[in-house]
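In what follows, a structure is listed as structure tokens, so that the remarks can point back to it.
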Amino acid sequence: MAEAAPRTIESIFADLRDLSHTRGALHEVSAIIYRDWVLTIDTQTGIVVTDPDERWSTAKLNKNELMLVVGLLVQAPDDSTFTTLPTGSDFAERLDALLREFHDRINADAASVFDPAAQRFLEAPNALGKFAREAIYYGAESFYLHQFSHFARERYRRDGTWLLQNAGISIRPIIDIAGWIVRRVTNQMSATGHAKKEGAEIGKGDLTSSLLVAKSDLRKKFGRKADEFIARFAMRAFDANHNFSGPFTVNSAALAPLIDIGEFLFVANEYRLLESIYESPFYWMMADSAYRDVVADHRGKFLEETSAHIFAKVFGRENVFVNATIPQGKRKTAGEIDVLVIYGEFVIVVQAKSKRVTLKARAGDEEALRADFQG
Numbered sequence: 022m023a024e025a026a027p028r029t030i031e032s033i034f035a036d037l038r039d040l041s042h043t044r045g046a047l048h049e050v051s052a053i054i055y056r057d058w059v060l061t062i063d064t065q066t067g068i069v070v071t072d073p074d075e076r077w078s079t080a081k082l083n084k085n086e087l088m089l090v091v092g093l094l095v096q097a098p099d100d101s102t103f104t105t106l107p108t109g110s111d112f113a114e115r116l117d118a119l120l121r122e123f124h125d126r127i128n129a130d131a132a133s134v135f136d137p138a139a140q141r142f143l144e145a146p147n148a149l150g151k152f153a154r155e156a157i158y159y160g161a162e163s164f165y166l167h168q169f170s171h172f173a174r175e176r177y178r179r180d181g182t183w184l185l186q187n188a189g190i191s192i193r194p195i196i197d198i199a200g201w202i203v204r205r206v207t208n209q210m211s212a213t214g215h216a217k218k219e220g221a222e223i224g225k226g227d228l229t230s231s232l233l234v235a236k237s238d239l240r241k242k243f244g245r246k247a248d249e250f251i252a253r254f255a256m257r258a259f260d261a262n263h264n265f266s267g268p269f270t271v272n273s274a275a276l277a278p279l280i281d282i283g284e285f286l287f288v289a290n291e292y293r294l295l296e297s298i299y300e301s302p303f304y305w306m307m308a309d310s311a312y313r314d315v316v317a318d319h320r321g322k323f324l325e326e327t328s329a330h331i332f333a334k335v336f337g338r339e340n341v342f343v344n345a346t347i348p349q350g351k352r353k354t355a356g357e358i359d360v361l362v363i364y365g366e367f368v369i370v371v372q373a374k375s376k377r378v379t380l381k382a383r384a385g386d387e388e389a390l391r392a393d394f395q396g
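Take any residue in the sequence shown, count from 1 to its spot, add 21: that is its number in the numbering used here.
Structure, rendered in structure tokens:
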């Protein structure tokens, strides 16, 4: 019997949407967060005791897969995804199967535009898009969790006036609020894990509760800044994100990763929250045509300064040069290098580009990827 042809991306995505809209789906997501994102640490030794095979299993959802599901979940037409508790569900098994099928489909599309014998892309308009999508969904993360706060503060320290005037909040309180949310949820999850270890019966609703932060607590701690933060980083829990019409379109739930459930915020992924703190303000400012050139200039300076600082810590400040000129004869300059490292027989050349990768390209849109890389 001939093997069935692989299903289309569109068919798989439609099934993922239907599954994400089932009653109690938010609580199912909570259980998956605990299944795939929680590690056990021996508090006496400070060593992670979760088996390495389990820690690094490719069967676990990564951040982008989780946010894909969350992005579909908030499209549900009503609130039954979180007001109903599921019982006897096969949600996780169905989700795992669909996401495995999704990954296999992406790999098959990538293989279709690559010649393994010649080790090169085929001459096709959509070759880059099909090949890049696997890396977009399954590539390694950028920073460690603790690095986002430091780099976000440095990245936007020149943009404080714009942020205050247009977002109502500057980068420092944004970082402070996000950090407080992460610590609160981490403590709640630890308490839940401890209670389970002590024999308490923990249901999916209890897991969801440990991932909630009360808006009243945020307001008590941070005042009106809490509401400005929520307005930028939270999304309504249903009847939202309708422009997320395919896996390679912009998922607004990944840009505003807190889910607004009335008086509470559901924290689906701490890493994505801090990552959004680092990334999202840049796109807010780029949408302001009057400020676009300023923020691009600030971004270039941040890249230069940060690269030079990191390289100096590795290679020594005496081996790192900023804005180094390359002479051509006595009176001409052949070019300028933003950051140059000279170390023995090796050199590292860094050029900070103000041209950004657009949100559509970052989501995997083929046309946007091609245009951005040509730019």
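Glycine residues also receive a C-beta, built at the ideal position from the N, C-alpha and C atoms.
Remember, it's a predicted structure, so these values are computed and weren't measured experimentally.
| Item | Value |
| --- | --- |
| Residues that DSSP places opposite I369 in a beta bridge | V362 |
| Integer-rounded CB distance, given that E49 should sit under 8 angstroms from F112 | 4 angstroms |
| T354, DSSP secondary structure in three states | strand |
| Within 8 angstroms, strictly: CB atoms of P146 and K225 | no |
| Same chain, Cβ closer than 7 angstroms to E296, five either side skipped, listed in chain order | F169 |
| Nonlocal neighbours in the same chain, by C-beta distance under 6 angstroms from R383, ignoring five residues either side | none |
| Within 8 angstroms, strictly: CB atoms of D314 and N187 | no |
| Buried or exposed (CB count within 10 angstroms, at least 16 for buried), G92 | buried |
| Whether N290 touches K84 by CB criterion (8 angstroms) | yes |
| Assigned exposure category for K10 - 16 Cβ within 10 Å defines buried | Summary: the structure shown does not reach residue 10, with the chain confined to residues 22 through 396, and so no result is reported for it. |
| Cβ neighbour criterion (16 or more within 10 Å) applied to E31 | exposed |
| Straight-line Cα distance separating R377 from F287 | 31 angstroms |
| Proximity below 8 angstroms, CB of V95 to CB of M256 | yes |
| At least 3 beta-carbon pairs within less than 8 angstroms: the region 191-209 vs the region 237-247 | yes |
| Own chain, CB closer than 7 angstroms to K381, minus 5 neighbours either side, in chain order | V271, A389 |
| Residue from K242, L89, S328, S191 with nearest C-alpha to N264 | L89 |
| Buried versus exposed, by CB contacts within 10 Å (16 or more), D359 | buried |
| Check whether G150 and E326 have beta carbons under 8 angstroms apart | no |
| Rounded Cβ spacing between L279 and F254 (contact assumed at less than 8 angstroms) | 5 angstroms |
| Residues of its chain near A329, where Cβ-Cβ distance is below 7 angstroms and the 5 sequence neighbours each way are ignored | V341, V343, V360 |
| Same chain, Cβ closer than 8 angstroms to S237, five either side skipped, listed in chain order | E284 |
| 8 angstroms Cβ cutoff met for L294 and V371 | no |
| P194 (DSSP reduced to helix, strand or coil) | helix |
| Separation of F152 from A23, as counted between CA atoms | Unreliable placement is indicated for A23, whose pLDDT of 49 sits below 50; no coordinate value is reported for it. |
| Complete beta strand (DSSP E) runs within the region 172-254 (minimum length 3 residues, chain order) | 233-235 |
| Beta-bridge pairing of R141 - partner residues as DSSP gives them | D136 |
| Top-ranked residue by Cα proximity to K322, from T346, E122, A275, A373 | A373 |
| Beta carbon of I298 nearer than 8 angstroms to that of A173 | yes |
| Contiguous alpha helix (DSSP H) assignments of at least 4 residues, all confined to the region 291-320 | 291-307 |
| CB of T105 within 8 angstroms of CB of G45, strictly | yes |
| First and last residue of the uninterrupted alpha helix (DSSP H) at F102 | Checking the displayed sequence, the identity of residue 102 turns out to be Thr instead of Phe. First-last of the alpha helix (DSSP H) with T102: 101-104. |
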